[in-house]
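The block underneath contains the structure these notes are about, expressed in structure tokens.
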Amino acid sequence: MSTMQEKALEAQARRAAKAVGLLALKSRCRLHHWNDVGGFQLVDPYCNTVIEGLRYELSPEAVIEFCQDRRA
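Under our numbering, the residue at position 14 of the sequence shown is numbered 52, and the numbers go up by one with no gaps.
If you want it as structure tokens, here you go:
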């Protein structure tokens with residue numbers, strides 16, 4: 039997957055999360071370790087709690103799928 043396709047998929051994941059009232063946060067860590075896998079985390083902005091992806095282990099596809107399930 040090219041860089042442009044990855045960025046588009048990440049943007050789509052952020053939009054999907056916003057549509058269900060969540061924030062999709064991407065890890066900013068450059069060196070991956072046991073507590074930070076380098077993916078996404080879904081956060082409820084009203085309670086400031088992690089809903090899914092505690093260790094930033096969600097892929098953009100997983101974020102989109104989670105949000106589609108939550109919307110239904």
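We put the CB at the ideal spot given by N, CA and C, even for glycine.
Along the region 50 to 90, the beta strand (DSSP E) occurs as fully enclosed runs of 3 or more residues at 61 to 64, 78 to 82 and 87 to 90, listed in sequence order.
Straight-line spacing of the CA atoms in residue 81 and residue 52 works out to 11 angstroms. For residue 109, the uninterrupted alpha helix (DSSP H) run begins and ends at 98 to 109, by DSSP.
Judged by beta-carbon spacing, residue 78 lies within the 8 angstroms limit of residue 101, meaning their Cβ atoms are closer than that value. Of the residues assessed, residue 92 falls on the exposed side of the cut-off, its CB having fewer than 16 other CB atoms within 10 angstroms.
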